[in-house]
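Here the structure is laid out as structure tokens; the discussion comes afterwards.
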Amino acid sequence: MTLYTPLAIEDIFPEKPAASPVREWWIDGRLCLVRRDDDGYFRLERLVSSDPQDYLDQRFQPNRVVATVLF
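14 is the number of the first residue of the sequence shown in my numbering; add one for each residue after it.
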């Protein structure tokens, strides 16, 4: 395939982004984003909910360890 463009090949075909270290995980019926830390623990990165009461729940506070192994 020939491309007639003044742009560099990297601008047309950028590198694929690295896989995100954040995983989606359902905890008690709520969508959470968890990230594995250097110690191997899964920590809560973010809660995704439309219910304001969920954000007041201590179980969904950021940086809380949610599991040592992801099932």
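Built from N, CA and C at the ideal position, the CB exists for glycine as well.
Asked                                                                                                         : Found
Just reading off the alpha helix (DSSP H) that Leu-46 is part of, what are its end residues?                  : Leu-46 -> not in any alpha helix (DSSP H); beta strand (DSSP E) instead, spanning 43-49.
Determine the extent of the alpha helix (DSSP H) in which Glu-37 is found, giving its start and end residues. : Per DSSP, Glu-37 belongs to no alpha helix (DSSP H); it is in the beta strand (DSSP E), 35-40.
Hey, how far is the Cα of Phe-26 from the Cα of Leu-46?                                                       : 30 Å
Which residues share a DSSP beta bridge with Phe-26?                                                          : Partner(s): none; Phe-26 has no beta bridge.
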